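Take a look at the structure set out below.
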C-alpha cells in the first residue's frame, strides 16, 4: 500500500520528525535537555535541579473539537499542543517537553500530516519546548490527536486553584471571548467585519498563544490561584471559587473584550459577554492575587506586553461566582461552558 | 442527557478517579511523589534527585489494536498502560506517573469505563506507578485510549538500542510469541488446548506484564542494548542491529517458547516460531550484554523469578539479523512485524 508515498509506520515517523525539525523557527530552548531523542523506546530528558514536574494531557477529535472548515491541519497541531502548554502556564510553570499521539483517519493525506507537524513546530517555537516522542496509528474513525506536555516549576511554588482568599483581586490576562467569536465567524457566511478584525478573531480561535510568561510572573509575584480559560470564564471562575471555598464577585463592565469581538457581536445583535463567559478556548489566564501582588504582576506583565486586568474581587463565600452588571443587577454565574456528555 | 447516569464531563472524571482509587490493590508506591493530584490544571510531581526522566506514549484504537471479542475493557485499560510501562522498562527505568486520555465512543457504557479504570488500577499496582491525570472526550468514531508514562533512571545509565558490540550475548526475558498465539486462540473456534494452557495464552495477550524489574537489573549489570517486544522479535532485533550497526546471529532453537504455544501451534499445524518472530505484544525485553554482564544479570533475574535466555550473539556487521536453524540453514530475518500503514 502506498498511502503515504509508500512510507510504512517507521518511515512516516522519520519523515514527520524531519518535517518538524525543518519547520522549527527558532532553536528549541529545551534541546540541551533532550539526552535521547525520538527513536528509542522512550525519550531521556534532563531534570532541572530544584524543580518539581508538571504533567498534563489533552485530546482533540475531528468533528467534536474542530471541523475541517474552521481549522486546517497546521492549526490543529498548533492548538492541540497549545492546550497542554496552557495548563502548564496555569500552574506558573515552564513547558519543556511534548509527546504527541495521532490516530490517522483514512481521509488524511501526507501533506495534511506535514501541515500538522508544521503547526506543532510553530507552537514548540512559540512556547520554547521540544517534541521528544509520540505514537502514530491508524483509525477507521475521525482523526484524533493527544498532546502530553511535561514542564517544570520551582519546588513548592506551583499555583493551584485553591488559594484564593477574601480581599484578593480577581484578574484575567489579555482579552476574553475572542476564540468563541472567531469560531462563530468562521462558521458564518457573508462579510461581517473589516478584514483585519476578522483575521484577529480567527487567529484567536485557530492559534491561541498560551500565557506562559504571564503565568511565571504571576507565580513569582505570589498569585493565590490560577486557571487557564479552556471552557469559558464562567466555568473557570467557578472552579476557583469552589476549590478555594470563596465567593468571586465579578464586575462585568471590567471584563476586557477585543473591539473586533464587540463589533462582531453587534453585527449579529448578540451580547459580546456571552462569548467571554461561555465561549472557551481563549487560553488566557484567570486568577486571584492580593492587591499588592497584583500591582507588582501588573507592571511586570506590562513589560512583556501582556495586559493584566482586574475584573472583580474575592469575598467570603461557599464556592460561588456572582456577576455585577452596570445597572446594579447581580446574578449568580452558573458553571456552564463547553462540557462533554452534558 | 443521562448517558452516564447524568454525569457531565467533570462528574465522570471524578467518578472514574474514585473508581481507580478504590480498585488499587496495593498502595501506590509513587503516591508520596504526587504533590498535586488529578483535578488541577496539571499534576505536580516530585523529581528524584540524581535521576533523568523517561517519557513515552502509546495509543490503542478499537478495531485496530483490539477487538471487543478478544479484549474486555479492563484488559484494554491494563494493556494500554502496560505498553508504555514496557517502554520505560526497555530503558532500564522505573515507571512512576501515568496520564490517560480516552475518546469515548457512543456505544461505551459507564460499566465499560469502570472496568477500564479497574484495569488501569491493576497495571498501576503491578508496575508500582500512579495515575495522575488525563482527559475524557467524546468521539463519534471508535474508542481510542492514549497512555503516557513518565519514569526515571539514574543519570547517564538509560539503556539505548545502539550499544550492542561484537562478542555480546543476545538475550530475551521470559518466553516469546505467546501473546500472538493468545490472540489467535481468542479468535479461533473449538477447543484446541487444555483449559490451563488456553488461559495462559489468553493472559499473555490480554494482560502482558512489563519486565520492569528485569530491565533495572539488566541496566545495573551493564546491558549494552535493550528493547521491548511490541512488534515481534524480528522487528525489535532489527532495530537493535541497525541502531548498533552490528549483525545479530540468532540460534532459533534457543528461542524460549511456552509449551502452551507449542501445543497450540501443533494443533493448527503452524510453525510456533512464526508467533515469536512476528506476533508482537509480548512486552518481554530483548537485548545484548557482554558474557560477563549476562551471567550476572541471569543470576539476579532468577532471584526475582524472571528467566533470562541467551538466543544468539553479536558479530561485526551492518545492521542485519540472521537466523541459524537446527538443520544448519541460515536466513536473513526481515524486520517485518506489526506495522501501521504498510
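Chains as they are written, first to last, in our numbering: chain A, 1 to 342; chain B, 343 to 684. All C-beta atoms, glycine included, are put in the ideal place defined by N, C-alpha and C. Since the model is a prediction, treat every value here as computed from it, not as a measurement.
Taking a C-beta cut-off of 7 Å against chain A, the contacting residues of the region 444–465 of chain B are 445, listed in chain order. Chain A has no Cβ within less than 8 Å of the Cβ of residue 676/B.
Just measuring C-alpha positions, the residue of 251/A, 34/A, 187/A and 192/A sitting nearest residue 130/A is 34/A. Relative to residue 601/B, the option among 364/B, 618/B and 463/B whose CA is nearest is 618/B. Per DSSP, the continuous beta strand (DSSP E) segment holding residue 96/A begins and ends at 94–104.
DSSP places residue 212/A in the helix class (H, G or I) of the three-state scheme.
In chain order, 589, 590, 591, 592, 672, 673, 674 and 675 place their CB closer than 8 Å to the CB of residue 664/B, counting only its own chain and leaving out the 5 sequence neighbours on each side.
With a threshold of 8 Å between beta carbons, residue 621/B makes no contact with chain A.
Around the C-beta of residue 210/A, 16 or more other C-beta atoms lie within 10 Å, and the residue is accordingly described as buried. Residue 626/B: not part of any alpha helix (DSSP H); DSSP gives it neither H nor E.
In this structure residue 166/A is exposed. Its beta-carbon is surrounded by fewer than 16 other beta-carbon atoms within 10 angstroms. When only Cα atoms are considered, residue 550/B and residue 231/A end up about 38 Å apart.
With respect to the 8 Å criterion, residue 560/B and residue 631/B are classified as neighbours on the basis of their beta carbons.
Non-local beta-carbon contacts of residue 420/B in its own chain, meaning distances under 8 Å to residues more than five positions away in sequence, involve 461, 462, 464, 465, 548 and 549 in chain order. Taken in chain order, the members of the region 410–431 of chain B whose beta-carbon sits within less than 7 Å of a beta-carbon on chain A are 429 and 430. At the C-beta level, residue 474/B and residue 439/B come within 8 Å of one another. Secondary structure in the region 248–313 of chain A: the alpha helix (DSSP H) runs of 4 residues or longer, each lying completely within the stretch, are 259–267, 272–278 and 291–303 in chain order.
Residue 477/B: member of the beta strand (DSSP E) spanning 472–480, first to last residue. As for any beta strand (DSSP E) of minimum length 3 sitting wholly inside the region 105–180 of chain A, the runs are 130–138, 144–154 and 169–173, ordered along the chain.
Taking a contact as a CB-CB distance under 8 Å, the pair residue 359/B and residue 148/A does not count as one, their CB atoms being some 18 Å apart. Around the beta carbon of residue 645/B, fewer than 16 other beta carbons sit within 10 angstroms, so the residue counts as exposed.
A distance of 8 Å or more separates the beta carbons of residue 571/B and residue 647/B. Spanning the alpha carbons of residue 458/B and residue 417/B requires a straight line of approximately 7 Å. According to the DSSP assignment, residue 226/A belongs to the beta strand (DSSP E) that extends over 225–228. The CB of residue 406/B comes closer than 9 Å to the CB of 103, 137, 138, 139 and 140 in chain A, given here in chain order.
The beta carbons of residue 48/A and residue 213/A sit no closer together than 8 Å. The beta carbon of residue 500/B sits closer than 8 Å to the beta carbons of 394, 396, 433, 434, 435 and 561 from its chain, once the five residues preceding and following it are set aside; these are given in chain order. Look at residue 429/B here: in three-state DSSP terms it is helix. Residue 498/B is not a Cβ neighbour of residue 568/B, given a cutoff of 8 Å. Here DSSP, grouped into helix, strand and coil, assigns residue 193/A to coil. Restricting attention to 406/B, 576/B, 607/B and 585/B, the CA atom closest to the CA of residue 594/B is found in 576/B. Its chain contains 566 and 567 as the residues whose beta carbon lies nearer than 6 Å to that of residue 505/B, once the 5 sequence neighbours on both sides are disregarded; these appear in chain order. Partner residues in the beta bridge of residue 393/B, as assigned by DSSP, are 496/B. Counting along the chain, the unbroken alpha helix (DSSP H) around residue 583/B starts and ends at 575–586. For residue 203/A, not one C-beta of chain B is nearer than 8 Å to its own C-beta.
Chain-ordered listing is empty here: chain A has no CB closer than 7 Å to the CB of residue 625/B, the nearest sitting near 11 Å.
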